[in-house]
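Trainee: The structure under discussion is supplied below as structure tokens; questions concerning it will follow.
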Amino acid sequence: FGLVAVSRHPDRHDDVAVRIVRKWDPPPGGAIDYSEPEATIRDLCSRYDVVEVAYDPYQLHDFATRLGREVPVWFKKFPQGTQRLTADKTLYDLIRDRRISHDGNPDLRQHIANANAKLEKDQDSKLRIVKKTQNRKIDLAVASSMACWECLRLLL
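Mapped onto this note's numbering, the consecutive letters of the sequence shown carry residue numbers 484 to 639.
Right under this line is the structure:
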């Protein structure tokens, strides 16, 4: 499970700056304890001027509903359909054009390195971030895609 917080770059307003990266791995053979990510989101929302939390509603509906009642932030569903294809292409373009900055977080770097870009047939404007191999994690790459797309869409 991954969390990536972004904002507009302070010096280049059309660019994106990755501010916070967090990753949670499940214990061997187990599931993620979502109390830790929930506590982290509560803490970030209390310390920073968080505008929106975008989330994949698959498996996170209850998580987001509960937090949405407790934290004064907009929780936006970000399904893994057509919108994600456009967001993934946007992240690809940001990286290619050097319009995204980050502090070199090793987990984020690894998840980006674990990812491939799969072009949608006959649609150059859309691609999907996919795993290079099944056992490699790309959660932070996908979270970055969603976060960057929403940051640019909201014109913050």
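We put the beta carbon where it would ideally sit given N, CA and C, even for glycine.
The beta strand (DSSP E) spanning V536 covers which residue range?
Mentor: Run containing V536: E535 to Y538, per the beta strand (DSSP E) assignment.
Trainee: Classify H496: buried if its beta carbon has 16 or more other beta carbons within 10 angstroms, exposed otherwise.
Mentor: The residue in question, H496, is exposed, as its Cβ has fewer than 16 Cβ neighbours within 10 Å.
Trainee: Please report the distance separating the alpha-carbon of L637 from that of V501.
Mentor: Going from the Cα of L637 to the Cα of V501 covers about 16 Å.
Trainee: Taking C-alpha atoms, which residue in R611, R582 and L543 lies nearest to S518?
Mentor: With distances taken between Cα atoms, S518 lies closest to L543.
Trainee: What is the residue span of the beta strand (DSSP E) that L486 lies within?
Mentor: Looking at the DSSP string, the run of the beta strand (DSSP E) that includes L486 is G485 to R491.
Trainee: Since E535 and K560 are thought to touch, with beta carbons under 8 Å apart, how far apart are those beta carbons, to the nearest angstrom?
Mentor: That pair is no contact at about 11 Å.
Trainee: Just to check, is the beta-carbon of A488 closer than 8 Å to a non-hydrogen atom of the ligand NAD?
Mentor: This structure does not include the ligand NAD; it has no bound ligands of any sort.
Trainee: Could you check the C-alpha separation between R525 and L610 for me, to the nearest Å?
Mentor: The alpha-carbon atoms of R525 and L610 are separated by roughly 32 Å.
Trainee: Which value, in whole angstroms, describes the spacing of the CA atoms of H594 and D622?
Mentor: Straight-line Cα distance between these residues: approximately 7 Å.
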